[in-house]
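Here the structure is laid out as C-alpha cells; the discussion comes afterwards.
Chains as they are written, first to last, in our numbering: chain A, 3 to 135; chain B, 86 to 592.
Written out as C-alpha cells, the structure is:
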C-alpha cells in the first residue's frame with residue numbers, strides 16, 4: 003500500500019512530539035531510512051512542508067512572507083505581525099522578509115493561501131485595466 | 086485639436102483621481118497540473134462550488150470554474166486557452182459564482198457562453214448578471230401549461246401541440262431536419278410576443294452562420310439571442326453553454342415575458358460533460374458517462390416553466406434536440422432526455438427519404454401537454470388527425486400487397502394520402518395558425534377529395550394565396566380562435582370559391 007505525504011507527515015509529527023532534540027535526531031534518522039526503504043525519498047520536500055504545517059497548527063505558529071521594494075523598518079514589521087496575529091489568532095508569527103524591486107512600492111504579504119497585495123505594481127495594474135476597459 | 090487633447094488629459098486626470106486602489110485579502114492557490122482544459126490547483130481552501138477562479142498567466146488573465154473541491158486541492162475547468170497556463174501560476178479566488186451578463190441588449194446578438202460578443206458588433210452594454218447555475222422554480226410558483234407556442238409547422242401544431250412552458254424534445258438521426266424545425270419555430274415567433282434563445286452546442290460554425298443569416302433575413306434576429314459554443318470550443322465552454330443560455334432566458338422570465346429556448350444539441354453537451362468528468366477522474370458509468378449525467382439534463386430542463394400570475398406569469402419553453410445514432414432511441418442519453426421532457430417529436434429517416442418533410446413520425450411523437458395548448462379552432466380540426474395518420478401508415482403497409490380493398494378502406498387510404506401530402510412543408514416557410522386551420526378544415530370535410538393527390542400541394546399553396554387576397558375569414562379565425570358557424574360558412578365559401586378557379590379537379 004502506498005503511504006501518502008500527509009500520512010508520513012503526521013507519523014513524523016507524532017513520533018517527535020514531546021521528545022528532546024537528541025531523541026528527535028534518532029527518530030528522524032530512522033524515518034529517513036524508512037523513506038529510503040519505501041522508495042519515497044522524492045517525497046521528502048513535500049513531507050517537510052506538510053510537517054511544517056502540522057507543527058504550526060499545533061503550536062499556534064504561522065509562517066508569513068513579506069515582500070517590499072525597500073528595506074522595512076522594525077516598526078512596520080511589528081505592525082504586520084500584530085495584524086497577522088489579529089487576523090489568524092496565531093500566537094507566534096515567523097515573518098520572512100524579501101526585497102523585491104519589481105513591486106515598485108508598498109508591500110505584498112503572503113500567509114497560508116492568502117495574499118494581501120498592497121504593492122504599487124498591483125495598483126498600477128488595476129488602473130491600467132480600468133482605463134483600457 | 087488642442088481641445089481634444091486637453092479634454093483627454095482632463096478625463097484621464099479625473100479618472101486617476103477617482104481611482105482608489107483597494108487592498109483586500111485574497112485567497113490564492115497555485116497550479117499543480119494542467120491538462121486538456123482541466124487544472125488542478127493547490128490551496129484555495131475556501132473555494133466554493135462553481136466559483137470563478139482567475140489564472141494569472143504571463144499572457145494575461147484566464148477564467149476558470151471550480152468543479153471538484155477536495156481536501157487539499159481544487160479541480161477546475163479552464164474557460165479559455167489552457168495552453169498558456171503553467172505549473173506554479175497563481176490562481177485567485179473571486180468569491181463569485183459563475184454568472185453571465187443578461188438584458189435587453191443581448192437580443193439580436195451572437196455571444197459565447199460567457200456572454201461575450203462573437204458577431205463583431207461591438208461591446209454589449211448590460212448592467213445585470215445572472216448566475217449560470219440556478220435551482221428551477223418550485224411548485225408553488227408554477228401554473229399549468231395552456232397557451233400555445235405556434236411552431237408554424239402544420240404536422241406539429243396539429244398533432245403534437247407545444248404549450249408555453251413545455252419541454253418538447255426533438256429527436257432523430259443526423260441530417261433529418263431537427264435544426265430546421267427549431268429554426269422554423271423561431272422564425273414563426275414573429276409578432277407572437279416571444280423572445281428566443283438559440284444555444285448551439287458543438288455545432289459547425291458554418292451551420293450557425295447559415296442560421297444567423299436565415300434568421301436575419303426573416304427578421305427573426307429582432308427577438309433572438311444566439312449562444313454559440315462551436316465545435317472547436319473547448320469542452321468546458323460547451324458544458325456551460327445551455328446553462329448560460331437559460332440564464333439569459335430567465336432574465337425575460339423574471340420580467341413576466343415568454344421565452345423559447347432551443348438547445349442544439351444535448352447529445353454533444355453530454356459528450357462534453359463526459360470529457361470533463363473523465364479528465365477530472367470522476368468514475369465512469371454506462372457508455373462512460375458519469376453518474377450525474379441524468380441530473381446534468383434534468384436540472385437544465387426543469388428550469389423551463391410556466392409561472393403563475395403571482396410570480397409574473399412568464400414562461401420558458403424548451404426545445405432540446407438529441408441526435409440518435411442509427412435511430413437508437415434506447416441509448417443512454419436519449420432515454421434520459423425522453424423521460425425528462427414532456428413529449429418528443431421523433432423524426433424518421435424512412436419518411437424523410439420518401440419526401441415527407443418534416444419527417445415527423447405521427448405514431449411515436451407525443452406531447453404530454455396535448456390539446457390544452459391549442460386554440461379551439463385547431464382542436465376541432467386536428468382532433469382525430471393523429472389517429473388517422475397512424476392508421477393510414479398501417480393500412481398503407483397492408484395495402485401494398487395489392488389485394489382488392491373494400492370501398493371503406495379505399496376511402497381511408499385516399500384521405501390518408503392527402504393528409505400526408507398536407508403534412509409536407511418547405512423549410513423557412515412557417516404557416517400561420519389560421520392557414521393551418523384552413524388546410525385541415527378543407528381536408529377533413531372532404532373538400533379536397535376531388536383534388537388529385539399529386540396536385541394537393543399546388544392546390545394548397547393556391548388556396549393560401551387566394552385566402553390572402555380574401556383574408557376576412559383568416560382574420561376572423563385569428564380573432565375568435567374558434568370554429569363557430571360563421572367561421573365555418575366563411576371557410577366553406579372560401580374553399581369552394583377557390584375550387585372554381587382551378588382546372589385539375591377530378592370528376
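Beta carbons are placed, not taken as given, at the ideal position from N, Cα and C, and that holds for glycine.
Using three-state DSSP, classify residue 513(B) as helix, strand or coil. As a first step, residue 513(B) is located in the second chain; it is residue number 428 there, counting from the start. Residue 513(B): coil per DSSP, three-state reduction.
DSSP three-state assignment for residue 142(B), whether helix, strand or coil: Sequence index remark: in the second chain, residue 142(B) carries index 57 (1-based). Residue 142(B) sits in a strand when the DSSP states are folded into three classes.
What does DSSP give as the partner residues of residue 314(B) in its beta bridges? Numbered from 1 along the second chain, position 229 holds the residue referred to as residue 314(B). Within the DSSP secondary-structure output, residue 314(B) pairs in a beta bridge with 286(B).
So, with DSSP's three-state summary, where would you put residue 605(B)? The question about residue 605(B) has no answer here: the residues shown for chain B are numbered 86 through 592.
I want to see whether chain A comes within less than 8 Å of residue 428(B), judged by CB atoms only; does it? If you number the second chain from 1, residue 428(B) lands on position 343. It does not; no Cβ of chain A falls within 8 Å.
Starting from residue 251(B) and walking both ways along the alpha helix (DSSP H), at which residues does that stretch end? Position 166 of the second chain, counted from the start, is the residue given in the question as residue 251(B). Careful: residue 251(B) lies outside any alpha helix (DSSP H) and carries neither H nor E.
Residues, ordered as in the chain, of the segment 62-89 of chain A that lie near chain B by beta-carbon distance below 9 Å: Going along the segment 62-89 of chain A in chain order, one finds 89 with a Cβ nearer than 9 Å to chain B.
Within the segment 417-464 of chain B, ranges of the beta strand (DSSP E) (whole runs, at least 3 residues): The qualifying runs are 428-431.
Please tell me whether residue 434(B) and residue 258(B) are closer than 8 Å, where the distance is taken between their beta carbons. What you label residue 434(B) is simply residue 349 of the second chain in a count that begins at 1. What you label residue 258(B) is simply residue 173 of the second chain in a count that begins at 1. Going by C-beta atoms, residue 434(B) is nearer than 8 Å to residue 258(B).
Compute the Euclidean distance between the alpha carbons of residue 52(B) and residue 174(B), then round it to the nearest angstrom. Only positions 86 to 592 of chain B appear in the structure, and residue 52(B) is not among them; the question remains open.
List, in chain order, every chain B residue whose beta-carbon is nearer than 9 Å to that of residue 59(A). The count along the first chain starts at 1 and reaches residue 59(A) at position 57. For residue 59(A), no chain B residue has a Cβ inside 9 Å of its Cβ, as the nearest lies near 13 Å away.
Under 8 Å, CB to CB, which of the residues in the segment 90-106 of chain B have a partner in chain A? For the segment 90-106 of chain B, residues whose beta-carbon sits nearer than 8 Å to a beta-carbon of chain A comprise 97, 100, 101, 104, 106.
Which residues in chain B have a C-beta closer than 9 Å to the C-beta of residue 34(A)? List them in chain order. If you number the first chain from 1, residue 34(A) lands on position 32. The contacting residues do not exist; residue 34(A) stays about 24 Å from chain B at best.
What number of angstroms, rounded off, separates the C-alpha of residue 229(B) from the C-alpha of residue 396(B)? To locate residue 229(B), count along the second chain from 1; it is residue 144. To locate residue 396(B), count along the second chain from 1; it is residue 311. One Cα belongs to residue 229(B), the other to residue 396(B), and the distance between them is close to 13 Å.
Mind listing the chain B neighbours of residue 123(A)? Cutoff is C-beta to C-beta under 7 Å, in chain order. Along the first chain, one-based indexing puts residue 123(A) at 121. Ordered by position in chain B, no residue passes the 7 Å Cβ test against residue 123(A), which lies about 11 Å from the chain.
For residue 367(B), collect the residues of the same chain with a Cβ closer than 6 Å to its Cβ; drop the 5 residues on either side in sequence, then sort them by chain order. Taking the first residue of the second chain as 1, we reach residue 367(B) at position 282. Apart from the 5 residues on each side of it in sequence, residue 367(B) sits with its Cβ closer than 6 Å to the Cβ of 375 in its chain, given in chain order.
Mind pulling the beta strand (DSSP E) runs of 3 or more residues that sit fully within the segment 475-503 of chain B? Qualifying beta strand (DSSP E) stretches: none in this window.
Have a look at residue 179(B) and residue 363(B) and give me their C-alpha separation to the nearest angstrom. Residue 179(B) sits at position 94 when you count from the first residue of the second chain. Residue 363(B) sits at position 278 when you count from the first residue of the second chain. Answer to the nearest angstrom: the Cα atoms are 26 Å apart.
Residue 117(A) at chain B interface by Cβ criterion, 8 Å: As a working mapping, residue 117(A) is identified with position 115 in the first chain. Closer than 8 Å: yes.
Taking 8 Å as the CB-CB cut-off, is residue 14(A) touching chain B? For the purposes of this step, residue 14(A) is identified with residue 12 of the first chain, where counting begins at 1. Under the Cβ criterion of 8 Å, residue 14(A) is not counted among the residues facing chain B.
From 282(B), 183(B), 110(B), pick the residue whose C-alpha is nearest to that of residue 118(A); which is it? Walking along the first chain from the start, residue 118(A) turns up at place 116. Nearest to residue 118(A) by C-alpha distance, out of 282(B), 183(B), 110(B), is 110(B).
Between which two residues does the beta strand (DSSP E) holding residue 113(A) run? Within the first chain, residue 113(A) is the residue found at index 111, counting from 1. 108-113 is the span of the beta strand (DSSP E), which, as asked, contains residue 113(A).
Can you list the residues of chain B that residue 129(A) reaches, using a CB-CB cut of under 9 Å? Here residue 129(A) refers to the residue found at position 127 when the first chain is read from its first residue. Under the 9 Å cutoff, chain B gives 100, 101, 104, 106.
In or out: residue 353(B) buried (at least 16 other Cβ within 10 Å) or exposed? Indexing the second chain from 1 puts residue 353(B) at position 268. Classification of residue 353(B): buried, given that the 10 Å Cβ count is 16 or more.
The segment 273-287 of chain B / the segment 410-427 of chain B touching (three or more Cβ pairs under 8 Å): Because the criterion of three Cβ pairs below 8 Å is not met, the segment 273-287 of chain B and the segment 410-427 of chain B do not touch.
Roughly how many angstroms separate the alpha carbons of residue 110(A) and residue 83(A), rounded to a whole number? Within the first chain, residue 110(A) is the residue found at index 108, counting from 1. Within the first chain, residue 83(A) is the residue found at index 81, counting from 1. A direct Cα-to-Cα measurement between residue 110(A) and residue 83(A) gives close to 13 Å.
Note the first and the last residue of the continuous beta strand (DSSP E) segment covering residue 179(B). In the second chain, counting from the first residue as 1, residue 179(B) sits at position 94. For residue 179(B), the enclosing beta strand (DSSP E) stretches over residues 175-182.
Residue 349(B) bridges to which residues according to DSSP? Counting from one through the second chain, the residue named residue 349(B) turns up at place 264. Residue 349(B) is bridged by DSSP to 285(B).
Which two residues bound the contiguous beta strand (DSSP E) that contains residue 400(B)? Here residue 400(B) refers to the residue found at position 315 of the second chain. Where residue 400(B) is concerned, the enclosing beta strand (DSSP E) stretches over 400-408.
Give the interface partners of residue 133(A) over in chain B, defined as CB-CB distance under 9 Å, in chain order. Looking up residue 133(A) in the first chain gives position 131. Result: 97, 100, 101, 104.
On a CA-only basis, which of 97(A), 65(A), 115(A), 10(A) is nearest residue 50(A)? Give me that one, please. As a first step, residue 50(A) must be located in the first chain, where it is residue number 48. For the set 97(A), 65(A), 115(A), 10(A), the Cα lying nearest the Cα of residue 50(A) is the one of 10(A).
Just how far apart, CA to CA, sit residue 302(B) and residue 281(B)? In the second chain, counting from the first residue as 1, residue 302(B) sits at position 217. In the second chain, counting from the first residue as 1, residue 281(B) sits at position 196. Spanning the two alpha carbons is a distance of roughly 16 Å.
Along the chain, where does the beta strand (DSSP E) that runs through residue 65(A) open and close? Stepping through the first chain from its first residue, residue 65(A) is reached at position 63. Its beta strand (DSSP E) spans residues 63-70.
To be precise: take each residue of the segment 113-134 of chain B, compare its Cβ to all Cβ atoms of chain A, and keep it if any distance is under 7 Å. Which residues remain? Those residues of the segment 113-134 of chain B that come within reach of chain A (Cβ to Cβ, closer than 7 Å) are 113, 114, 128, 129, 130.
With respect to the beta strand (DSSP E) encompassing residue 274(B), which residues constitute its N-terminal and C-terminal limits? Counted from its first residue, the second chain places residue 274(B) at position 189. Run containing residue 274(B): none; DSSP gives neither H nor E here.
Using only the alpha-carbon positions, how far apart do residue 536(B) and residue 243(B) sit? Mapped onto the second chain, residue 536(B) falls at position 451. Mapped onto the second chain, residue 243(B) falls at position 158. Rounded to the nearest angstrom, the two C-alpha atoms are 22 Å apart.
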